[in-house]
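S.K.:
There are 2 protein chains.
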Amino acid sequence: MNIVALAGGVGGAKLAHGLTLTPIPSPLQGEERRGEGMLTIIVNTGDDFEWHGLHISPDLDTVTYTLAGLANPDTGWGMAGDTFEFLGALQRLGSEAWFHLGDRDLATHLRRTELLRQGKTLTEATAIITRALGIKATILPMTDDRFRTMVETDQGELEFQEYFVHRQWQPIIKRIRFDGAETAQATPQVRNAIAQADAVILCPSNPFVSIDPILANLKPCEEFITFARFGKPIAAVSPIVGGQAIKGPAAKMFLELGVEPSAYAVAQHYAGLVTHFILDQIDRDQENAIQSLGMKTLVTDTIMKSIDDRVKLANSVIEFINEN
Amino acid sequence: MNIVALAGGVGGAKLAHGLTLTPIPSPLQGEERRGEGMLTIIVNTGDDFEWHGLHISPDLDTVTYTLAGLANPDTGWGMAGDTFEFLGALQRLGSEAWFHLGDRDLATHLRRTELLRQGKTLTEATAIITRALGIKATILPMTDDRFRTMVETDQGELEFQEYFVHRQWQPIIKRIRFDGAETAQATPQVRNAIAQADAVILCPSNPFVSIDPILANLKPCEEFITFARFGKPIAAVSPIVGGQAIKGPAAKMFLELGVEPSAYAVAQHYAGLVTHFILDQIDRDQENAIQSLGMKTLVTDTIMKSIDDRVKLANSVIEFINEN
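Residue numbers (the working numbering), protein chains in the order written: chain A, -14 to 309; chain B, -14 to 309.
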C-alpha cells in the first residue's frame, strides 16, 4: 500500500512521523513493513520565503526535523536545543531579526540555498538534506516553482511569514491568495507519487494555508484527477478539535472567514474531494453531519502529545482506509 | 596629523588597534586626540572569497573584530567565545566545512552579503558593520572591485583561502599573482584618505599577501604618487622578528621565494617606497644595513602580546614619524 500524505507544519509533521513508524499493509509482498519505504509526504511550499538571501522552507523543515527526531517540541519550529548566537549577532549589526533562526537550523537554509544556486531543484535539495539526516521516507516539496501564499488582511496584503511570524497571525484575514498558482507545476516526483498511490491522507494541518496550497497545485494534475475519478481513498484528519485548532490560526481563520470552526466545518471545506474523515472523540456529535457530506467517518483520539500518540493515530487512519 | 595604516590580518589589526588608542598629535587644533578620529585603515581584500554564497572578507573582519574588542586572541580569526553549532550542522548535511565559521561571525558575513546584494559597495557595507560595532576609526577595503590573491604552488595555483586555511599554508609557494589587479580600482574613499594623509604606516602584516595587494592597488593612484613624490613619511613595521613571523607564513614564504627571512629582507622588499622602518630590538644588528637602503630606523619592542604593547608600539611609531 503506497501512501501519500499532504502536510503543512506541526500537526501534519506529527502524523507523517506516525506514518513512518506504522506498519503499512503490503499485500504484494505478503508482509508488513514500516511505513517509511512506502510513504511519500508532499509538503506545502506556499510559506517559503527569502530571508537575508536564504531560501527558507518552513514546512519542509518542520516535517524534516520532526521525522529526523530533531524538531523542537516546545516551539513548533526549529531544532531542539538549538542556540541563537547568530541571530543575536545579526541584530547587533542592525539587521531585521524577527524570524527566529537557530544556529543549527541556519545550516539547513544555507545548504538548501547553496544547492539551489548550484542549479538543483528544491526537490533534489530536499532529498539531499533529508537523506543526510537519515530520513527514509520521501519528502517532496509540492512544487519546484515559485508559489507564495499571500494573506489579504485588515492591514493589507501580507506575505505569509510576515503575517504568521512577524505579526503573529493577529491581522484579520479577508482572503487568501496563491501567488504563482497559475504557473507553478506539480513536480514529476509528486505526479509519480500520486500515480502510484493507493491512498492520500490530508494530515491535520491548516486547511487554508497548508493543505489548500498543495491541493491547488495538485488538482490540475492528470494523475490526481484519475486518482479521484477512480474513487480511491482521500482521507482527512481534522485539525480542529473541540472548536479549537491544536496549534496556529486555523480556528481564527474559520471565524474571520465567517464559519464557526469545527470538525464539520473542516469536512465541509473538503466536501466533494475527501472520502474518509477522521474526527476526535470530543466531536463525535458531528459524525452524522459529516457522514451526510458523503464521507466515511472514524471517531478516535486525534491529539498527538507523545510519539506513541502519533503512531496510534497513524495506525487507526491506515486501518480505517484499508477496511473501508 | 592624519594617519593611514595599511593592514592585513592579525599583526596589522593589533597595530591598528594600538593606533586608535594612541594620542595622535593634531597641530591644527593645538591638541592631542585619540587616534581613532584621524586614523584610516586600508585593509587587504585579496583574501576575500565566496563561501556557500556568502561574501567573506577575512582581513576586514580581523581588523573590525580587533578594533571592536571582539577578536579571538587565541585563533587569530573569528570572535572570542563564539560557538560552532552552525558549522557542525552544516557538516552533518554533507557540506564542505573547512573554513572555520562561528555562529556570531557568520552574522557578519550574512549581513555583508545582504548589503552587497542590495547594491551597496563593500566600502558602504564595511561602514555599516563597523559603525554598528561601535568603531570610530574608518576601516576601508582597499577596493570595491574583485581582486583575488592567487598562490602558485607545487600543488598548482590555489585561491588564497584554499592555500591558507584548507591546506594550512603547507604547499610550497612559487609565485603570487593578483587576479583582477589590472581592473580593480582604489575607491574614492581610499584615494581621499591618501590625499589627506600626513603619514602612511605599513602595519606588521605579511608583505607578500597582505601589504603587496594593497600597494598594487594603491600605487597607480595619482594621490599616492603625489604623496610619495613629496617625500611624506611611509613607515613600515617589520612582521619578521628574529627571522620568524610572529604569526602565519611570511617567513616560510621568504624562504620559498629564495630569501632568508629577516627584518632586513622586509626592508629590502619595501626599498624605494618606505622612508621609516621599525624593527625589533632582537634585530638591532640589521639596523645599519636597513639604513643603507635609505630608510630611517627605529629599534624598539615590536611584539604585541597585550593591548598595552599595541599602544606602546603605536606611540613609538607615531613619535618616530613625527620627530623624523
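Ideal placement from N, C-alpha and C gives every residue a C-beta, glycine not left out.
Please give the ranges of any beta strand (DSSP E) in the stretch 263 to 288 of chain A, keeping only runs that are unbroken, at least 3 residues long and fully inside the region.
M.R.: Segments of the beta strand (DSSP E) lying fully in the stretch 263 to 288 of chain A: 281 to 285.
S.K.: Which runs of the alpha helix (DSSP H) spanning at least 4 residues fall entirely within the stretch -8 to 77 of chain B, listed in chain order?
M.R.: With a minimum length of 4 residues, the continuous alpha helix (DSSP H) runs that stay inside the stretch -8 to 77 of chain B are -5 to 5, 43 to 52, 70 to 77.
S.K.: Assign I199(B) to one of two classes, buried (16 or more other C-beta atoms within 10 Å of its C-beta) or exposed (fewer than that).
M.R.: Label assigned to I199(B): buried.
S.K.: Does any C-beta atom of chain A lie closer than 8 Å to the C-beta of F132(B)?
M.R.: No, F132(B) lies away from the interface with chain A (no Cβ there is under 8 Å from its Cβ).
S.K.: Could you check if N202(B) is buried or exposed, using at least 16 other CB atoms within 10 Å of its CB as the buried criterion?
M.R.: Flag for N202(B) reads buried.
S.K.: Which whole runs of the alpha helix (DSSP H) in the stretch 170 to 194 of chain B are 4 residues long or more, in chain order?
M.R.: For the stretch 170 to 194 of chain B, whole alpha helix (DSSP H) runs of length 4 or above, ordered along the chain, are 173 to 181.
S.K.: Which class does P246(A) belong to by DSSP, given the choice of helix, strand or coil?
M.R.: The answer is coil: DSSP assigns P246(A) none of H, G, I, E or B.
S.K.: Could you tell me the alpha carbon to alpha carbon distance between Q253(A) and L107(B), rounded to whole angstroms?
M.R.: Near 56 Å, if we compare the C-alpha coordinates of L107(B) and Q253(A).
S.K.: Under the rule that 16 or more other beta-carbon atoms within 10 Å means buried, what is P218(A), buried or exposed?
M.R.: Burial call: buried.
S.K.: Counting only beta-carbon separations shorter than 8 Å, does T211(A) have a partner in chain B?
M.R.: T211(A) does not count as touching chain B.
S.K.: Could you check where the beta strand (DSSP E) with E81(A) kicks off and where it finishes?
M.R.: Taken as a continuous stretch (DSSP letters only), E81(A) belongs to no beta strand (DSSP E), as it is neither H nor E.
S.K.: Checking 8 Å against the spacing of the C-beta atoms, do G63(B) and G87(B) come in under that value?
M.R.: Yes, the pair counts as a contact, with Cβ atoms nearer than the cut-off.
S.K.: Report yes if the CB atom of F71(B) is closer than 8 Å to the CB atom of R89(A), and no otherwise.
M.R.: Yes; because the gap between Cβ atoms is below 8 Å, this pair is in contact.
S.K.: DSSP on E304(B), reduced to helix/strand/coil?
M.R.: Helix at E304(B).
S.K.: With 16 as the cutoff for other CB atoms within 10 Å, does K(-1)(B) come out buried or exposed?
M.R.: Per the 10 Å Cβ criterion, buried.
S.K.: Residues in the stretch 187 to 219 of chain A with C-beta within 8 Å of chain B's C-beta atoms, listed in sequence order?
M.R.: Cβ contacts with chain B: none found.
S.K.: Mind pulling the chain B residues with CB within less than 7 Å of H37(A)?
M.R.: Here the neighbours are L95, E99.
S.K.: So, do the stretch 143 to 155 of chain B and the stretch 177 to 185 of chain B have three or more beta carbon pairs nearer to each other than 8 Å?
M.R.: Segments in contact, no.
S.K.: Please name the residue or residues paired with E207(A) in a DSSP beta bridge.
M.R.: E207(A) is not bridged to any residue.
S.K.: Is G279(B) close to chain A? Criterion is C-beta to C-beta, closer than 8 Å.
M.R.: Closer than 8 Å: no.
S.K.: Any contact between the stretch 161 to 174 of chain B and the stretch 128 to 136 of chain B? By contact I mean 3 or more CB pairs, one from each, below 8 Å.
M.R.: As far as the Cβ criterion goes, the stretch 161 to 174 of chain B touches the stretch 128 to 136 of chain B, which means the pair count is three or higher.
S.K.: With 16 as the cutoff for other CB atoms within 10 Å, does R295(B) come out buried or exposed?
M.R.: Counting Cβ neighbours within 10 Å, R295(B) comes out buried, since at least 16 surround it.
S.K.: In chain A, what lies closer than 7 Å to F71(B) by C-beta?
M.R.: Per Cβ cutoff of 7 Å: F71, D88, R89, L91, A92.
S.K.: Determine the DSSP secondary structure at A230(B), reduced to helix, strand or coil.
M.R.: Reduced to three states, the DSSP call for A230(B) is strand.
S.K.: At the 8 Å Cβ level, is I120(B) part of the contact set with chain A, yes or no?
M.R.: So no, I120(B) is outside the interface.
S.K.: Am I right that A(-8)(A) and C188(A) are in contact with their C-beta atoms under 8 Å? What's the rounded C-beta distance?
M.R.: That belief holds up - the Cβ atoms of A(-8)(A) and C188(A) are roughly 4 Å apart, short of 8 Å.
S.K.: How many Å lie between T115(B) and Y50(B) at the Cα?
M.R.: Spanning the two alpha carbons is a distance of roughly 9 Å.
S.K.: Compute the Euclidean distance between the alpha carbons of D310(A) and K159(A), then round it to the nearest angstrom.
M.R.: Here chain A comprises residues numbered -14 to 309, so residue 310(A) is not present and cannot be evaluated.
S.K.: How about T168(A) and L125(A): do their beta carbons lie closer than 8 Å?
M.R.: Going by C-beta atoms, T168(A) is not nearer than 8 Å to L125(A).
S.K.: On the criterion of 16 or more Cβ atoms from any shown chain inside 10 Å, does T211(A) qualify as buried, or is it exposed?
M.R.: T211(A) is exposed by the Cβ-count criterion.
S.K.: Roughly how far, in whole angstroms, is the beta-carbon of I267(B) from the beta-carbon of P246(B), given that I think they are within contact range, below 8 Å?
M.R.: Wrong, their Cβ atoms sit about 13 Å apart, outside the cutoff.
S.K.: Span of the alpha helix (DSSP H) holding T128(B)?
M.R.: Here T128(B) belongs to no alpha helix (DSSP H), and DSSP marks it neither H nor E.
S.K.: Beta-carbon separation of L264(B) and V244(B) under 8 Å?
M.R.: It is not a contact, given that the beta carbons lie outside the stated cut-off.
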